[in-house]
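Just below is one structure, and these are the notes that go with it.
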Amino acid sequence: MARRMNYSARLPFTTEQVYGALTSQSYWDAIVEELRKYSENEMTSFTVSDAGIDVTMRHIIPRHTLPDIAQTVMKKDMVITRNIHHDAYGETTSGKYDASIPAGPGSLTGVTELFATETGSTLRTTSEAKVYIPFVGGKLEQLMLVNLRDLWSGEAEVTHDWLKKNA
Numbered sequence: 001m002a003r004r005m006n007y008s009a010r011l012p013f014t015t016e017q018v019y020g021a022l023t024s025q026s027y028w029d030a031i032v033e034e035l036r037k038y039s040e041n042e043m044t045s046f047t048v049s050d051a052g053i054d055v056t057m058r059h060i061i062p063r064h065t066l067p068d069i070a071q072t073v074m075k076k077d078m079v080i081t082r083n084i085h086h087d088a089y090g091e092t093t094s095g096k097y098d099a100s101i102p103a104g105p106g107s108l109t110g111v112t113e114l115f116a117t118e119t120g121s122t123l124r125t126t127s128e129a130k131v132y133i134p135f136v137g138g139k140l141e142q143l144m145l146v147n148l149r150d151l152w153s154g155e156a157e158v159t160h161d162w163l164k165k166n167a
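The UniProt record's numbering numbers the first residue of the sequence shown as 1 and each following residue consecutively.
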């Protein structure tokens, strides 16, 4: 059974300013730099077109830093490829992401919405974690979502700081 989670980053900036950040390679470089504090990370592709924004990132988490329950499943370092897409800018801008782990026991997917609020804008992410291992699947799904909440929170801080300096 899959588990779901919503995370909303409320930002005191307009949707145009937030979307502008998403179209900037220096913004994504700042995200990668923040993530490097925790593990090896790199942006492997970045494209802005009339169809929107596409970013691919690679995260490497050393096996010895994984929780014990995850180490029972992962026999090597965890290599996560995250594909992010934001549609072309609109009143409400939708997007999606997926994260894959070679030989991983499940999947992580989600959708995003960027929309205006009275105090600025919100970037909401709805995520779904699925792990296909009996007995420990639910625990691993919950662990993935807890770590994902930390990731989204960190990225929201970088977004706020980047916009404060660059908007």
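Note that the Cβ used here is the ideal one computed from N, Cα and C, for glycine as well.
Per DSSP, cross-strand counterpart(s) of residue i
i	result
Ala116	Ser121
Ala129	Arg3 and Leu108
Ile53	Val48 and His86
Residues near residue i in its chain [Cβ-Cβ closer than 7 Å; skip 5 each side]
i	result
Val48	Thr23
Trp162	Ala21, Tyr27 and Ala30
Leu151	none
Thr19	According to the sequence provided, residue 19 is Tyr. The question's Thr does not apply to it. Correct list, in chain order: Tyr89, Thr93 and Leu114.
Whole-Å CB distance - residue i paired with residue j, under 8 Å assumed
i	j	result
Ile53	Val79	Actually they do not touch by this definition, with Cβ atoms about 23 Å apart.
Asn83	Asp98	5 Å
Residues of its chain near residue i, where Cβ-Cβ distance is below 8 Å and the 5 sequence neighbours each way are ignored
i	result
Arg63	Gln71, Met74, Lys75, Lys76, Asp77 and Met78
Where residue i falls: helix, strand or coil (DSSP)
i	result
Ala9	strand
Ala99	strand
Asp77	coil
Asp87	strand
Ser153	helix
Proximity test, Cβ basis, 8 Å: residue i and chain B
i	result
Lys139	This model lacks chain B altogether, as it is built from one protein chain only.
Proximal residues to residue i (C-beta, below 6 Å), its chain only, five neighbours per side dropped
i	result
Lys130	Ala2, Gly106 and Ser107
Met43	Trp28, Val32 and Met57
Arg4	Glu128
| Hey, is the stretch 49-56 in contact with the stretch 111-123, meaning 3+ C-beta pairs nearer than 8 Å? | Segments in contact, no.
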